[in-house]
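Colleague:
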Amino acid sequence: MRIDVVSIFPTIFDALEVSLLGKARTTGLLDVRVHDLRDYTHDRHRTVDDTPYGGGAGMVMKPEPWGEALDDIVGDVERRPVIVFPSPAGERFTQATARELSAASHLVFGCGRYEGIDERVFDYAAELGEVRLISLGDYVLNGGEVAVMAMIEAIGRLVPGVVGNPESLVEESHEDGLLEYPSYTKPSVWRGREAPPVLLSGNHGAVAAWRREQQLERTRERRPDLLAD
Ligand code: JCQ
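Under full-length UniProt numbering, the very last position in the sequence shown is 229; numbers go up by exactly one each time.
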């Protein structure tokens, strides 16, 4: 999978060089390219923002550097990529979104800053690919970078081969619409706290039933919204 990222803080994405995703990049499973939006400016100050038309607080990202960056990245590819802009005003990102995007061959992420990006950039991007405005949750970040890091991690680990043992992907929170069951390891008693005896019983049926009950109980307690349908 090819992933392009456009940002005014490209070094934030240095963190993608470590751990599982770093390994996937060295083995060629993920081809991640990070671009500095300021490289697509032409003035001495490498300006990427300007005051909003109609007035108001803050600054808006100018369209021209975005147009040049998208042309450079998407211009010579054969298939239309999915172009993602993280935004508090976007559709909600879930495990289902991550699954869907993990099937794409080319993703482009645009990281907005300030009060946002000139709206015409989204319209222009739709000529080059499938545009998705996506929100990680109902809160506001200073820019899209941290949201894109989270999305790349959630998507990248679903790309076949990135996670060594694919079994570990199916047994986790949100893949079956429920929260994960609690996990325990040795010692069986730690600081006076016992691990649940059923887990040491060797009765696989009883273990499976107990884990399912824990999933349901936790989901009812912490995330009743997930049980609504
Ligand atoms: C993403 N939940 C919150 C901040 C403007 C597109 O323009 C902007 C993008 C951001 C960053 O995204 C978020 C966010 N999911 O704040 C301001």
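All C-beta atoms in this analysis are idealised placements derived from N, C-alpha and C, irrespective of residue type, glycine included.
Since the model is a prediction, treat every value here as computed from it, not as a measurement.
Looking only at C-alpha atoms, which of G67, L226, H204, G28 sits nearest to G177?
Modeller: Translated into the one-based positions of the sequence shown, residue 177 becomes position 177. G177 has its Cα closest to that of L226, out of G67, L226, H204, G28.
Colleague: In the DSSP assignment, find the alpha helix (DSSP H) that holds S19 and state where it starts and stops.
Modeller: As a position in the sequence shown, residue 19 is number 19, starting the count at 1. First-last of the alpha helix (DSSP H) with S19: 19-26.
Colleague: Taking only three categories from DSSP, how would you classify P10?
Modeller: Along the sequence shown, one-based indexing puts residue 10 at 10. In this structure, P10 counts as helix in the three-state DSSP scheme.
Colleague: Kindly indicate which residue of R211, L133, M1, Y40 has the alpha-carbon position closest to the one of P182.
Modeller: Residue 182 sits at position 182 when you count from the first residue of the sequence shown. The shortest Cα separation from P182 among R211, L133, M1, Y40 belongs to R211.
Colleague: By alpha-carbon positions, which one of H106, R44, M59, P196 ends up nearest to V77?
Modeller: Along the sequence shown, read from residue 1 onward, the residue named residue 77 stands at position 77. Looking at the Cα atoms, H106 is the closest of the given residues.
Colleague: Sort Y139, E127, D72 by Cα distance to R92 and report the nearest one.
Modeller: Taking the sequence shown and counting its residues from 1, one reaches residue 92 at position 92. Nearest C-alpha to R92: Y139.
Colleague: Determine the direct distance from the alpha carbon of E167 to that of D49, and round the result to whole angstroms.
Modeller: For the purposes of this step, residue 49 is identified with residue 49 of the sequence shown, where counting begins at 1. For the purposes of this step, residue 167 is identified with residue 167 of the sequence shown, where counting begins at 1. Rounded to the nearest angstrom, the two C-alpha atoms are 46 angstroms apart.
Colleague: Let me check understanding here. Comparing Cα to Cα, which of T11, V198, G112, R218 lies closest to G90?
Modeller: As a working mapping, residue 90 is identified with position 90 in the sequence shown. Selected option, being the one with the closest Cα: G112.
Colleague: Ordered along the chain, which non-local residues of its own chain (more than five positions away) have a Cβ less than 6 angstroms from that of R80?
Modeller: Within the sequence shown, residue 80 is the residue found at index 80, counting from 1. Within the same chain, R80 has close Cβ partners G129.
Colleague: Mapping DSSP to helix, strand and coil, what is F122?
Modeller: Translated into positions along the sequence shown, residue 122 becomes position 122. Three-state DSSP puts F122 in a helix.
Colleague: Cα-Cα, which of V131, V74, G202 is closest to residue 230?
Modeller: What is shown of the chain runs 1 to 229, which leaves residue 230 out entirely.
Colleague: Hey, A24 and G156 are a contact pair by Cβ (cut 8 angstroms); roughly how many whole angstroms apart?
Modeller: Within the sequence shown, numbered from 1, the residue matching residue 24 stands at position 24. Within the sequence shown, numbered from 1, the residue matching residue 156 stands at position 156. That belief holds up - the Cβ atoms of A24 and G156 are roughly 6 angstroms apart, short of 8 angstroms.
Colleague: Need the endpoints of the alpha helix (DSSP H) that E68 sits in, please.
Modeller: Sequence index remark: in the sequence shown, residue 68 carries index 68 (1-based). Unbroken alpha helix (DSSP H) run through E68: 63-74.
Colleague: With a threshold of 8 angstroms, are at least 3 pairs of Cβ atoms found where one atom belongs to the segment 11-19 and the other to the segment 59-66?
Modeller: Counting Cβ pairs under 8 angstroms, fewer than three are found: no touch.
Colleague: How long is the line joining the alpha carbons of K62 and E115, rounded to whole angstroms?
Modeller: As a working note, residue 62 is residue 62 in the sequence shown. As a working note, residue 115 is residue 115 in the sequence shown. Going from the Cα of K62 to the Cα of E115 covers about 11 angstroms.
Colleague: Can you tell me which of the three DSSP states D39 falls into?
Modeller: For the purposes of this step, residue 39 is identified with residue 39 of the sequence shown, where counting begins at 1. In this structure, D39 counts as helix in the three-state DSSP scheme.
Colleague: For the alpha helix (DSSP H) containing R222, list its first residue and its last residue.
Modeller: One-based indexing of the sequence shown puts residue 222 at position 222. Its alpha helix (DSSP H) spans residues 204-222.
Colleague: Is the CB-CB distance between V206 and V198 below 7 angstroms?
Modeller: Within the sequence shown, numbered from 1, the residue matching residue 206 stands at position 206. Within the sequence shown, numbered from 1, the residue matching residue 198 stands at position 198. First, the residue type needs correcting, since residue 206 is Ala and not Val in the sequence shown. The answer is yes: Cβ separation under 7 angstroms.
Colleague: Short of 6 angstroms in beta carbon distance, which residues of its chain neighbour F109, apart from the five on each side in sequence? Order them along the chain.
Modeller: Position 109 of the sequence shown, counted from the start, is the residue given in the question as residue 109. Counting only Cβ-Cβ distances below 6 angstroms, and skipping sequence neighbours, we find V5, V84, V148.
Colleague: To the nearest angstrom, how far is the alpha carbon of A154 from that of P187?
Modeller: Mapped onto the sequence shown, residue 154 falls at position 154. Mapped onto the sequence shown, residue 187 falls at position 187. The straight-line gap from Cα to Cα measures roughly 32 angstroms.
Colleague: Which residue wins for smallest C-alpha separation from E171, given the options L200, T41, L21, Q215?
Modeller: Residue 171 sits at position 171 when you count from the first residue of the sequence shown. Closest option to E171, Cα to Cα, is Q215.
Colleague: Starting from A150, trace the alpha helix (DSSP H) both ways and give me its first and last residue.
Modeller: As a first step, residue 150 is located in the sequence shown; it is residue number 150 there, counting from the start. 145-156 is the span of the alpha helix (DSSP H), which, as asked, contains A150.
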